[in-house]
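Respectively, the protein sequence lines represent chains A and B.
Residue numbers 1 to 169, in the working numbering, belong to the letters of the first sequence in order.
Residue numbers 1001 to 1309, in the working numbering, belong to the letters of the second sequence in order.
Beta carbons: idealized from backbone N, C-alpha and C, even for Gly.
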Amino acid sequence: MRLIKLRNGALEALSLIDVQLKKRHDLVPNILTIAKKFMEHEDAVLTKVTQMRSISASDYDKNNPEEVAQHLEANKQLQSAMMNLFAVAENYPDLKSQETMVRAQETYEEVEGHISAARRFYNSAVGDLKNAVEIFPSSAVANMIGIRAMPFFEIDEAERAPVDASGYL
Amino acid sequence: MNFEGLSEKLTGFNQYYESDLRERLEELEARRKIAQSHFTLASIAVVIIGIVIFAIMKDDVPFQAIFIVGGLILAFLGQRVSIVKKEAKLSVLPIICDHLEFVYSSGPRHNLLQKFENLSLVPDYNRENREDEISGTLTDVDFWLQEAKLVQVSGSGKNRTSRTVFKGLLCHFDFHKNFKGTTIGREDFTSFGNFFSGFTTVGERVRLEDPEFENKFEVYSTDQVEARHLLTPGFMQRVLDLLRLSQIKHVQFAFDDGKFYMAIESPKKFFEGGDFNLNEPEYVQNIINDIALVFDVVKTLNLTQVTKI
């Protein structure tokens, strides 16, 4: 049945996002460890990243659109916190020249590219599901069998610009 | 004539043209003119002799003999013109490539046609002609290209027909992102054509957000996420920009084995200098312009970028 296929497609796309988000989740501590050595007076920035990393890794029910939305929002917040960290890092020339930090930064940039690609795939799958769930007659069937639209993984306008990591470090 | 606009590396070539090449091309042009006039005179003679034979013999005209003898004479003389033109090309193209630190071969040194076939970047064919292979590095991007003409011959005897199914450049470039799967962008053949072409293409259909890009290309990939990682909105726009270059009629592309493959279809014959006389500066300029297409592709697609976006 088409509706089930579309829902499974969206869930599969969500899993693919999680694979990429997990990569970022694993990378953040490395960046924090290096950054802490140089950014002693930036506790607020570093703490925010740690908090958002912890929240973004919370378990959630993939079949519950509200929980999915919260999960995606938490990961958006983590991305914002990381962007802020890199912006503040601009003020620390020693950190900018650290070879390990530069490499970590490159890896982060690569992971962000994959997250962005996974997000586009997910949004495409969610768009198809949303159309089927909201347009008659499939909307009636979706109501009967309890299939609901899933939330888009949108990014803020300011974050739409490509991440140019080299500009930060 | 000034070639310096293309690249600083061609500064030396400008000097070489003035000191050595111009004289050589003058000589070749003189030979070409003689060969061309012989060909023209022979064509007129064949027609006149045919008319005379027809007038004398009327009912018993040996059409076959006229065609065979006349055809052989014209083919021989036509070949002489082609040989001079090829000599001119071989006097110019390898030297330009040397100055640009590219490797040139007039014949095909590597056969990657099978690769382009496997990626469904070229149509089915049963006769091929490949020449002018150029490879090298352009602002840190390794590239390879070869001119190809592919023909599909069908039927036999009197029903035998041949159709050129591809004429243009086959090329590949190093790509600045890491990837494992295969992603193919094929020309959009409308719903009916896409339905059948989809069977022969690797992977699943990838639906992308850019409506103009979707209108021009059907993308298939073994990895949906990776396809989007490679075909970012910026890169899709750059591929569309590439289609606006005057020398390009159609483009089909693929990402495979860490490389970006392209089959560029064009109505023009590359590296032949156009219709200019061999001693005209425009002849050489035209050949340089054809090489400049590689510069255009690398620049337009931004293949050298280090931001990996």
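Is the Cβ-Cβ distance between phenylalanine 1270 (chain B) and glutamate 1147 (chain B) less than 7 Å?
-> The criterion of a C-beta distance shorter than 7 Å is satisfied by phenylalanine 1270 (chain B) and glutamate 1147 (chain B).
Tell me, please, whether the segment 1234-1246 of chain B touches the segment 129-138 of chain A by the rule of three or more beta-carbon pairs shorter than 8 Å.
-> In this structure the segment 1234-1246 of chain B does not lie against the segment 129-138 of chain A, because fewer than three pairs of beta carbons, one per stretch, are closer than 8 Å.
Just the chain A side, please: which residues come within less than 8 Å of histidine 1229 (chain B) by C-beta, in chain order?
-> Simply Gly113, His114, Ser116 and Ala117.
Grouping DSSP H, G and I as helix and E and B as strand, with all else coil, what is glutamate 99 (chain A)?
-> Glutamate 99 (chain A) carries a helical assignment under DSSP once its states are collapsed to helix, strand and coil.
So isoleucine 1184 (chain B) and alanine 1263 (chain B) are in contact, right, with Cβ under 8 Å, and what is the actual spacing, rounded?
-> Rounded, the Cβ-Cβ distance is 11 Å, inconsistent with contact.
Out of curiosity, what's the CA-to-CA distance linking lysine 1312 (chain B) and phenylalanine 1213 (chain B)?
-> Lying before the first or after the last residue shown, residue 1312 (chain B) is absent from chain B, which here runs from 1001 to 1309.
Counting Cβ pairs closer than 8 Å, one from the segment 1283-1303 of chain B and one from the segment 1151-1164 of chain B, do we hit at least three?
-> With fewer than three CB-CB distances shorter than 8 Å, the segment 1283-1303 of chain B does not count as touching the segment 1151-1164 of chain B.
Is the Cβ of arginine 7 (chain A) closer than 7 Å to any Cβ of chain B?
-> So no, arginine 7 (chain A) is outside the interface.
Three-state secondary structure (DSSP) of alanine 1035 (chain B) = Alanine 1035 (chain B) sits in a helix when the DSSP states are folded into three classes.
What span of residues does the beta strand (DSSP E) with glutamate 1128 (chain B) cover, start to end?
-> Under the DSSP assignment, glutamate 1128 (chain B) falls in the beta strand (DSSP E) whose first and last residues are 1127-1138.
Does valine 1298 (chain B) come within less than 7 Å of chain A when only Cβ atoms are used?
-> Output row for valine 1298 (chain B): interface = no.
Which residues, taken in chain order from the segment 117-148 of chain A, show a beta carbon closer than 7 Å to some beta carbon of chain B?
-> So the close ones are Ala117, Ala118, Arg120, Phe121 and Ser124.
Closer than 9 Å at the beta carbon, the chain A residues around glutamate 1226 (chain B) = Using a Cβ-Cβ cut-off of 9 Å, glutamate 1226 (chain B) is close to His114 and Ala117 of chain A, given in chain order.
If we ignore side chains and look at the alpha-carbon of each, how far apart do glutamate 1209 (chain B) and lysine 96 (chain A) end up?
-> Looking at the backbone, the Cα of glutamate 1209 (chain B) and that of lysine 96 (chain A) are separated by about 36 Å.
CB phenylalanine 1039 (chain B) to CB glycine 1078 (chain B), shorter than 7 Å?
-> A contact, by the Cβ cut-off of 7 Å.
Short check: CB of serine 124 (chain A) to CB of arginine 1163 (chain B), under 7 Å?
-> Going by C-beta atoms, serine 124 (chain A) is not nearer than 7 Å to arginine 1163 (chain B).
Taking 7 Å as the CB-CB limit, is arginine 1238 (chain B) close to chain A?
-> For arginine 1238 (chain B), the answer is no, since every Cβ of chain A falls outside 7 Å of its Cβ.
Would you grab the beta carbon distance between valine 126 (chain A) and phenylalanine 152 (chain A) for me? Rounded to a whole angstrom, and I think it's under 8 Å.
-> Between phenylalanine 152 (chain A) and valine 126 (chain A) the Cβ distance is about 6 Å, and since that is below 8 Å, they are a contact.
Exposure label - isoleucine 17 (chain A); buried when at least 16 CB within 10 Å = In summary, isoleucine 17 (chain A) is buried, with 16 or more beta-carbon neighbours lying within 10 Å of its beta-carbon over all protein chains present.
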